[in-house]
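Trainee: Below: one structure in structure tokens.
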Amino acid sequence: MAERLLIMRHGEAAPGHPDPERVLTERGRCEAARMGDWLAGRGDLAVARLRLLASPYARARQTAERVAASLGCEVEILPILTPDDSPAAVVDWLLEHEGDGPMLLVGHMPLVGALTGLLVEGRADRGRGFPTAGLAELTAEVWAAGCARLERFTAPADLA
0 MAERLLIMRH GEAAPGHPDP ERVLTERGRC EAARMGDWLA GRGDLAVARL
50 RLLASPYARA RQTAERVAAS LGCEVEILPI LTPDDSPAAV VDWLLEHEGD
100 GPMLLVGHMP LVGALTGLLV EGRADRGRGF PTAGLAELTA EVWAAGCARL
150 ERFTAPADLA
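The opening residue of the sequence shown carries number 0 in numbering that gives the first Met the number 0; numbering runs sequentially from there.
See the structure below:
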């Protein structure tokens with residue numbers, strides 16, 4: 000049976016420094032809440048088994064917390080989901096956690112685009128751009144380069 004992986008970019012963030020402490024704007028909070036409500040309303044996700052993992056950066060944590068509130072789950076911090084982390088390191092982590100059930104990873108560009116490209120196309124430089132709070136849904140038998148299928152891509156603007 001194919002596993003499901005959801006990869007999400009954080010909502011719109013305010014400018015600031017240092018980068019890890021940047022927070023969501025009002026629009027970013029709304030984007031995250033809209034995506035969370037949409038996910039919660041879907042019958043095809045195993046929400047009871049879903050692991051929600053977020054970057055330690057404030058804007059990703061805030062996005063994940065908004066989504067978790069809609070889904071009724073807890074947020075786990077995954078330190079390797081920051082903007083400069085390696086998509087290959089995330090793939091290695093996914094392989095180590097195979098069978099843990101469906102997952103939702105909340106991170107940043109360029110990581111989320113590169114990770115999606117690596118899993119689907121086999122190359123990190125083939126990733127797509129993610130708008131804020133954009134969500135890619137992938138399925139695969141094994142989380143390895145080029146082994147996933149992009150099932151759907153949804154942005155908050157698609158839900159208006």
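Virtual Cβ for every residue (Gly too), placed ideally from N, Cα, C.
For the beta strand (DSSP E) holding G112, just list the boundary residues, first then last.
Mentor: Not the beta strand (DSSP E): G112 falls in the alpha helix (DSSP H), residues 110-120.
Trainee: Between the region 82-97 and the region 107-120, do three or more beta carbon pairs fall short of 8 angstroms?
Mentor: With a cut-off of 8 angstroms, the region 107-120 and the region 82-97 count as touching, because enough Cβ pairs lie within range.
Trainee: What three-state label does DSSP hand R127 in the structure shown?
Mentor: R127: coil per DSSP, three-state reduction.
Trainee: Is the region 14-25 touching the region 44-59, taking contact as three or more C-beta pairs under 8 angstroms?
Mentor: These segments touch.
Trainee: Rounding to the nearest angstrom, what Cα-Cα distance links M34 and A156 in this structure?
Mentor: Cα to Cα, M34 sits roughly 10 angstroms from A156.
Trainee: Taking V46 as part of the beta strand (DSSP E), name the residues at either end of that continuous run.
Mentor: First-last for V46: undefined, no H or E at that position.
Trainee: What does a CB cutoff of less than 6 angstroms around E150 pick up in its chain, not counting 5 residues either side in sequence?
Mentor: Result list for E150: E136, T138, in chain order.
Trainee: Can you say whether H9 is buried or exposed, counting buried as having 16 or more other CB atoms within 10 angstroms of its CB?
Mentor: Under this definition H9 is a buried residue.
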